[in-house]
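In this text, residue positions in the sequence shown follow the numbering used here: the first is 9, and each later residue adds one. Where is the CB? At the ideal position from N, CA and C, for every residue including glycine.
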Amino acid sequence: MIGGLAESALAQTDDQRAAVAWRLLDYLGVDYGGAVADDGRTISQSEYEEMVEFAQQVRDRLAALPAKPAQGSLVARVEALQAAIARKVPPSELAGLAKTLKDDLLAAYPMPLAPAKTPDLARSAALYAEQCASCHGATGAGDGPAAKGLNPRPVAFTDAARARARSVFGLYQVIDQGLEATAMASFAHLPSDDRWALAFHVGTLASSASDVDRGKQLWQGDPAFRAKIPNLQALTQVTQAALAQDMGDDKARDLVAYLRRHPEAVTSGSGRTLGLARRKLAESVATYEAGDRKKATDLALSAYLDGFEPVEPSLKARDDALMVRIESAMLDFRAAMTKGESAEGLRERAARLGALFDLAERALAPEQADGSATFAAAFTILLREGVEALLVVVAMIAFLRKAERSEVVAWLHGGWIAALVAGGLTWVAATWLVSISGASRELTEGFGSLLAAAVLVSVGLWMHGKTRADAWQRYVREKLSRALSARSAWLLLLLAFVVVYREVFETILFFIALWSEGSGPAVIAGGAAGAGALAILAWALLSYSQRLPITQFFSLSAILIAVLAVVLAGKGVAALQEAGLVDAWPTPGVPRIELLGIYPTREGVFAQLATAAVLLLGFWYTGRTAAADR
Numbered sequence: 009m010i011g012g013l014a015e016s017a018l019a020q021t022d023d024q025r026a027a028v029a030w031r032l033l034d035y036l037g038v039d040y041g042g043a044v045a046d047d048g049r050t051i052s053q054s055e056y057e058e059m060v061e062f063a064q065q066v067r068d069r070l071a072a073l074p075a076k077p078a079q080g081s082l083v084a085r086v087e088a089l090q091a092a093i094a095r096k097v098p099p100s101e102l103a104g105l106a107k108t109l110k111d112d113l114l115a116a117y118p119m120p121l122a123p124a125k126t127p128d129l130a131r132s133a134a135l136y137a138e139q140c141a142s143c144h145g146a147t148g149a150g151d152g153p154a155a156k157g158l159n160p161r162p163v164a165f166t167d168a169a170r171a172r173a174r175s176v177f178g179l180y181q182v183i184d185q186g187l188e189a190t191a192m193a194s195f196a197h198l199p200s201d202d203r204w205a206l207a208f209h210v211g212t213l214a215s216s217a218s219d220v221d222r223g224k225q226l227w228q229g230d231p232a233f234r235a236k237i238p239n240l241q242a243l244t245q246v247t248q249a250a251l252a253q254d255m256g257d258d259k260a261r262d263l264v265a266y267l268r269r270h271p272e273a274v275t276s277g278s279g280r281t282l283g284l285a286r287r288k289l290a291e292s293v294a295t296y297e298a299g300d301r302k303k304a305t306d307l308a309l310s311a312y313l314d315g316f317e318p319v320e321p322s323l324k325a326r327d328d329a330l331m332v333r334i335e336s337a338m339l340d341f342r343a344a345m346t347k348g349e350s351a352e353g354l355r356e357r358a359a360r361l362g363a364l365f366d367l368a369e370r371a372l373a374p375e376q377a378d379g380s381a382t383f384a385a386a387f388t389i390l391l392r393e394g395v396e397a398l399l400v401v402v403a404m405i406a407f408l409r410k411a412e413r414s415e416v417v418a419w420l421h422g423g424w425i426a427a428l429v430a431g432g433l434t435w436v437a438a439t440w441l442v443s444i445s446g447a448s449r450e451l452t453e454g455f456g457s458l459l460a461a462a463v464l465v466s467v468g469l470w471m472h473g474k475t476r477a478d479a480w481q482r483y484v485r486e487k488l489s490r491a492l493s494a495r496s497a498w499l500l501l502l503l504a505f506v507v508v509y510r511e512v513f514e515t516i517l518f519f520i521a522l523w524s525e526g527s528g529p530a531v532i533a534g535g536a537a538g539a540g541a542l543a544i545l546a547w548a549l550l551s552y553s554q555r556l557p558i559t560q561f562f563s564l565s566a567i568l569i570a571v572l573a574v575v576l577a578g579k580g581v582a583a584l585q586e587a588g589l590v591d592a593w594p595t596p597g598v599p600r601i602e603l604l605g606i607y608p609t610r611e612g613v614f615a616q617l618a619t620a621a622v623l624l625l626g627f628w629y630t631g632r633t634a635a636a637d638r
């Protein structure tokens with residue numbers, strides 16, 4: 009039998025070998041206690057022989073895995089585990105050796121640790137009855153009609169001692185791969201979602217309804233418990249025995265019972281998406297190490313867009329500095345791949361990101377929500393995002409008033425009003441109809457910023473050319489009626505729409521994130537206060553611009569619009585980099601100043617310098633032309 013199993017091991021793929029090795033280690037840690045007593049006495053000779061055989065299978069599979077720096081250590085440690093079995097060490101000691109070896113195996117040869125979505129437990133009971141009850145029994149006691157004559161007998165999932173040491177991930181691996189030298193066959197023919205649902209169902213069979221009720225009270229009543237199992241990945245790996253070390257066996261049993269019956273408790277909000285980010289990063293490192301750099305980069309980008317981007321607005325409102333650290337670290341992670349950094353270096357970067365994700369989950373925990381903090385966040389966000397758009401719109405309104413073309417102001421008002429309406433529709437769509445992906449958000453912001461920057465460059469150059477009073481008078485006399493034709497009015501409407509909608513789009517995403525935390529009144533109050541502050545600022549700017557001499561007005565407006573064009577150029581490139589459309593090459597020493605659109609990447613700095621150079625050259629040329637025409 010052992011020789012046949014060795015041939016099977018050699019026929020497997022590398023991923024299968026690693027997965028089966030992990031599963032066998034999990035089985036050893038759980039079932040060794042049925043073979044050897046604490047005092048070293050053999051309880052069951054057949055069970056003991058099975059432990060010896062399974063340990064050898066782990067050793068064969070690890071030795072057949074692709075060479076990595078950690079492989080030699082893993083093989084040596086499984087040989088130490090074999091020696092421990094030969095000495096018949098106590099079950100607790102062997103369980104500890106198996107657990108640390110499992111953890112290190114996952115670190116060296118990553119594999120998916122959790123389902124992509126919350127398991128459908130309504131379906132899992134029917135699946136169990138169809139696929140498992142004939143051997144394991146209707147209640148999981150291992151007494152099904154097909155169990156007679158099987159050696160070894162089917163596992164009794166109701167055995168509390170074994171369930172205490174069993175993880176959902178371990179159950180999934182057995183369901184996925186089967187268990188050689190037993191009657192447990194692979195159920196890989198079932199969809200992955202069904203296999204995960206079965207694993208969760210089986211993991212509940214040793215618990216009672218009262219355990220679940222007490223676990224629910226623990227989960228909902230004490231934030232410390234939620235911090236211990238922040239996401240689905242943590243839930244699939246945790247065991248009652250591991251939790252018991254921190255909270256005692258009774259609470260650990262109840263908490264595990266509740267969460268395995270109700271995994272949706274950890275799949276809402278930040279835990280779900282940050283868990284996805286962790287998985288994608290781990291897969292990215294593994295793929296990179298396998299030599300597929302393109303796929304690894306795509307996975308890293310997905311970790312950001314699908315895993316971190318959805319919680320970025322909430323985190324920015326709660327802890328802006330931490331949001332910036334994570335965003336920069338994820339950009340650096342992708343840049344390191346482009347530079348060809350070692351897999352070991354990428355693992356270290358992924359580990360640091362994991363620690364930052366831990367901080368983010370604590371910052372985003374429901375108990376951290378506060379009405380006054382939400383009000384302040386809504387007020388600050390609206391004021392910050394609205395100022396850029398306000399400055400452009402106010403400058404154009406002031407210009408039209410000075411040109412005594414108030415009838416064209418309506419087109420400008422139509423542009424920003426249309427942007428607000430479009431923003432409201434975006435809110436409705438994002439809340440009730442569709443989910444705005446991270447890529448869509450970044451592309452909208454990126455292309456919107458660059459389009460607005462291009463328009464502002466032309467407007468700024470035009471305004472600079474009219475800084476002389478005689479040039480302005482000649483322009484009014486000769487060209488104003490033609491320049492403010494219907495075509496130009498449409499351009500004004502488009503400019504107002506693009507500039508305002510870009511800011512409205514980002515503000516909406518922030519507000520949706522704040523609203524989802526259950527602080528609707530605080531969001532409304534903060535937004536109303538921010539809108540009031542913007543209205544006061546607009547009134548002040550319009551009043552001040554009316555008193556400015558025409559040449560000074562054009563000079564200041566040209567400078568303001570030029571600065572905004574440079575800012576938007578930087579923001580546009582940064583957004584496209586985050587969407588993965590533009591490469592990012594970090595530039596140490598360049599500060600990150602979001603207000604000015606400055607980001608520490610070579611491409612962003614170049615875009616801003618190029619925009620500034622075009623503006624300076626244009627200012628020089630328009631000034632020279634205006635002087636020559638005097």
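Own chain partners of residue i with C-beta closer than 7 Å, once the 5 adjacent residues on each side are dropped
i, result
"Asp262", "Asp219, Arg222, Gly223 and Leu226"
"Val44", "Thr50, Ile51, Tyr56, Lys96 and Pro99"
Cα-Cα separation, residue i to residue j
i, j, result
"Arg69", "Val38", "20 Å"
"Leu213", "Ala397", "59 Å"
"Leu113", "Ala359", "15 Å"
"Glu320", "Met331", "7 Å"
"Pro99", "Asp111", "18 Å"
"Leu367", "Gly315", "15 Å"
"Arg174", "Val83", "24 Å"
"Thr147", "Ala168", "13 Å"
"Arg161", "Ala155", "6 Å"
"Val465", "Gly423", "19 Å"
"Ala530", "Leu390", "13 Å"
"Leu102", "Leu589", "50 Å"
"Thr305", "Ala298", "13 Å"
"Arg355", "Glu349", "10 Å"
"Ile51", "Glu57", "11 Å"
"Leu545", "Leu584", "31 Å"
"Ser215", "Glu138", "21 Å"
"Leu458", "Leu313", "20 Å"
"Thr434", "Leu502", "18 Å"
Rounded Cβ spacing between residue i and residue j (contact assumed at less than 8 Å)
i, j, result
"Leu364", "Arg333", "6 Å"
"Leu420", "Ile405", "6 Å"
"Trp204", "Pro118", "Actually they do not touch by this definition, with Cβ atoms about 18 Å apart."
"Val176", "Thr244", "4 Å"
"Asp591", "Thr295", "Incorrect: roughly 19 Å between the Cβ atoms, too far for contact."
"Leu282", "Ala273", "With a Cβ gap of about 15 Å, Leu282 and Ala273 do not count as contacting."
"Ala325", "Ala385", "4 Å"
Run of the alpha helix (DSSP H) containing residue i, from where it starts to where it stops
i, result
"Ile334", "Asp328 to Lys347"
"Asp314", "Neither: Asp314 is in no alpha helix (DSSP H) and is coded neither H nor E."
"Glu101", "Pro99 to Ala116"
"Met59", "Gln53 to Ala72"
"Met119", "From DSSP, Met119 is part of no alpha helix (DSSP H); its letter is neither H nor E."
"Ile237", "Looking at the DSSP string, Ile237 is not in any alpha helix (DSSP H), and its letter there is neither H nor E."
"Met255", "Gln248 to Met255"
"Arg222", "Ala217 to Gly229"
"Arg143", "Reading the sequence as shown, one finds Cys at residue 143 and not Arg. From DSSP, the alpha helix (DSSP H) with Cys143 extends over Ala141 to His144."
"Glu272", "Per DSSP, Glu272 belongs to no alpha helix (DSSP H) and is neither H nor E."
"Leu206", "Ser200 to Val210"
"Phe165", "Note, Phe165: premise wrong, no alpha helix (DSSP H); not H, not E."
Same chain, Cβ closer than 6 Å to residue i, five either side skipped, listed in chain order
i, result
"Met192", "Gly186"
"Val210", "Phe165 and Leu179"
"Ala116", "Lys76 and Ala78"
"Gln248", "Arg172, Ala260, Arg261 and Val264"
"Asp337", "Here residue 337 is Ala; the residue named in the question, Asp, does not match the sequence. So the list reads Leu361, once near-sequence residues are dropped."
"Leu339", "Ala592"
Beta-bridge pairing of residue i - partner residues as DSSP gives them
i, result
"Pro594", "Thr609"
"Ile567", "Answer is none; Ile567 lacks a bridge partner."
"Thr50", "Val44"
"Ile601", "Ile606"
Own chain, CB closer than 8 Å to residue i, minus 5 neighbours either side, in chain order
i, result
"Ile606", "Gly578, Val598, Pro599, Arg600, Gly612, Val613 and Gln616"
"Tyr35", "Phe62, Gly178, Val182 and Leu187"
"Asp128", "Asp201 and Ala205"
Residue i at chain C interface by Cβ criterion, 8 Å
i, result
"Ala621", "In the structure shown, chain C cannot be found, because there is only a single protein chain."
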